[in-house]
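Following: one structure in structure tokens, then a few remarks.
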Amino acid sequence: MEINKLKAMVSNPLWGQVEAYLQEQIRTTSQELEVATSELEVFRNQGKMASLRKLARLKGQILGNKK
Numbered sequence: 003m004e005i006n007k008l009k010a011m012v013s014n015p016l017w018g019q020v021e022a023y024l025q026e027q028i029r030t031t032s033q034e035l036e037v038a039t040s041e042l043e044v045f046r047n048q049g050k051m052a053s054l055r056k057l058a059r060l061k062g063q064i065l066g067n068k069k
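Here's what the structure looks like:
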């Protein structure tokens, strides 16, 4: 995908809503991780958290801020 298409996506005013959704999902996943009772649940939630955090940093990476 061209970087300009990604720049347009993260510069859109609606991106703030996406970021808010990602932050809520990060909080929810953190809570799920705290109460996980099996190793499998822990690993799944850790992977989910890593993916959500990477998406949350997307705007900074695309625009060169490296958040």
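Just so you know, the sequence shown maps onto residues 3 to 69 in the numbering used here. Heads up, the beta-carbon is just placed ideally off N, CA and C, and yes, glycines get one too. Everything numeric in this text was worked out from a predicted model, so none of it was measured.
Which residues bound the alpha helix (DSSP H) around residue i?
i	result
S13	I5 to S13
S32	W17 to V37
G66	First-last for G66: undefined, no H or E at that position.
S53	E41 to A58
Of the residues the options, which one's Cα is nearest the Cα of residue i?
i	options	result
I28	L42, K56, E43 and E41	K56
L54	V44, I64, S40 and E21	E21
Roughly how many whole angstroms lie between the Cα atoms of residue i and residue j?
i	j	result
K69	K61	Unreliable positioning characterises K69 in this predicted model, as indicated by a pLDDT of 49, which lies under 50. A coordinate reading is not provided.
Y23	M11	16 Å
S13	T31	26 Å
G66	R59	11 Å
Q25	I64	18 Å
F45	T39	11 Å
Check your understanding: Given 8 Å as the limit, is there contact between the region 48-61 and the region 28-36, that is, 3 or more CB pairs closer than that?
Key -> yes
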